[in-house]
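Numbering (my numbering), first residue to last: 1 to 169.
Positions of the beta carbon are idealized from the N, C-alpha and C atoms, including for glycine.
It should be emphasised that the depicted structure is a prediction, and the values quoted were computed from it without experimental measurement.
In what follows, a single structure is set out as structure tokens and then discussed.
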Amino acid sequence: MAVGIWQRLDQAGRNSVPFSTTVAAMLVGMMPLQLPDYSFVAPPLTLMAIYYWAIYRPDLLKPYMAFGIGVLQDLLGGSPLGMSALVYVLSYWLVLTQRRYFLGNSFWFLWLGFALVAVGAGAVQWVAYSLMTVHLVAPGNVVAQALLAIVLFPVPAWCFSKLHRSLLS
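Structure representation (structure tokens):
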């Protein structure tokens with residue numbers, strides 16, 4: 001009897017890995033660093049996590065979880081409520097519809113896909129902020145953030161891959 005409870009608890013913990021790593025990525029990405037203007041170009045670690053898990057374990061990271069994480073990020077970070085949720089749900093949906101192309105392909109293809117998603121997510125944010133402020137916002141920060149995300153993507157992807165193989169396979 002006790003073995004069944006421990007097995008179910010172990011499985012529940014393993015199944016929470018995509019959600020918990022995405023929340024952890026959000027919190028790490030929101031940590032203040034003593035770098036000038038870092039907060040404007042901080043890499044979107046949450047987007048990286050959502051991208052990875054939407055491809056490899058969409059059964060464990062659902063769209064409503066991406067939405068909730070986005071709302072939580074907006075509440076904690078002071079962004080307009082729903083901005084991150086919009087970006088994360090749109091990115092999740094896009095990745096999920098193209099998932100079959102990413103599965104079984106090389107890492108380079110996965111990286112290229114993330115580059116497209118990062119640029120698209122930045123464009124959505126830029127358009128939304130421009131509409132909210134009723135004038136065109138300078139795109140420099142969005143471009144810098146997307147480029148930084150593309151360059152840094154292999155590191156979180158490797159971490160997610162290791163977690164995926166060790167805990168969820």
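*Per DSSP, what kind of secondary structure is His164 in: helix, strand or coil?*
The residue you call residue 164 lines up with position 164 of the sequence shown. Helix, per DSSP.
*Skipping 5 residues on each side, what residues in its chain have a beta carbon closer than 8 Å to that of Leu75?*
Your numbering for residue 75 matches position 75 in the sequence shown. Taken in chain order, the residues that qualify are Leu81.
*Exposed or buried, Leu136, counting other C-beta atoms within 10 Å across all chains shown (16 or more means buried)?*
Position 136 of the sequence shown, counted from the start, is the residue given in the question as residue 136. Answer is exposed; the Cβ neighbour count stays below 16.
*Please classify Phe102: does DSSP put it in a helix, a strand, or coil?*
Translated into the one-based positions of the sequence shown, residue 102 becomes position 102. Correct three-state label for Phe102: helix.
*Does DSSP put Arg8 in a helix, in a strand, or in coil?*
Here residue 8 corresponds to residue number 8 of the sequence shown, with the count starting at 1. Looking at Arg8 - three-state DSSP - the assignment turns out to be helix.
_Outcome for Ala42 when other beta-carbon atoms lying within 10 angstroms are tallied against a minimum of 16_ = The count along the sequence shown starts at 1 and reaches residue 42 at position 42. That one is buried.
*Kindly indicate the opening and closing residues of the alpha helix (DSSP H) around Val127.*
Position 127 of the sequence shown, counting from 1, holds the residue named residue 127. 107-133 is the span of the alpha helix (DSSP H), which, as asked, contains Val127.
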